[in-house]
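So the structure is just underneath, and the comments pick up after that.
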Amino acid sequence: MTKTKQAVATAPELTVTVAGTVHYLAPKLSAVRMINSFAGGLNPAYRKVRDLDFDAMAQIIVAGAGLKLKPSEYDDLVTTIWQEPDKAKLGADLINYITVLLNGGRPIIDGNDVADDAGDADEAPGKP
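Residues -1 to 126 in this note's numbering are what the sequence shown spells out, letter by letter.
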């Protein structure tokens, strides 16, 4: 008997805006692997965003958007994030992206925040 793969509805690309530049973050396994590599998992990445770790925020954007940046371009991205006036919105958008990744790349339909399992979902970015 041959097994068939069932189609899984994946979430559409999510967007984050940094200094007027829109980055399209795709919910893909390759992004999860890159985030796991630098943060040690999606939950630690979630906490880093919540704690306003600008390097982590940049790494998530790079992973999600599939960017290939030179070191100087990466430094520019981190600097731009640091200077971003609305870090709360940027953090919330990145946490939403991580939540979709925690849900296997599927959209969050029923309003249940997968990040609740991490115990930190009600905390706004930048608040311990």
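Glycine included, every Cβ here is placed at the ideal spot set by N, Cα and C.
Own chain partners of residue 78 with C-beta closer than 7 Å, once the 5 adjacent residues on each side are dropped: 16, 17
Top-ranked residue by Cα proximity to residue 41, from 59, 14, 62, 97: 97
Unbroken stretches of the alpha helix (DSSP H), 4 residues or longer, contained in the segment 18 to 78: 27 to 37, 40 to 48, 52 to 63
Residue closest to residue 51, alpha-carbon to alpha-carbon, out of 36, 10, 99: 36
Environment of residue 58 [buried if 16+ CB atoms lie within 10 Å]: buried
Buried versus exposed call for residue 46 [16 or more other C-beta atoms within 10 Å across all chains shown]: buried
Those residues which DSSP pairs with residue 12 across a bridge: 23
Among 14, 25, 94, 104, nearest to residue 84 - alpha-carbon criterion: Residue 14 is the option with its Cα nearest to residue 84.
Whole-angstrom C-beta distance between residue 26 and residue 102, which should lie under 8 Å: That pair is no contact at about 11 Å.
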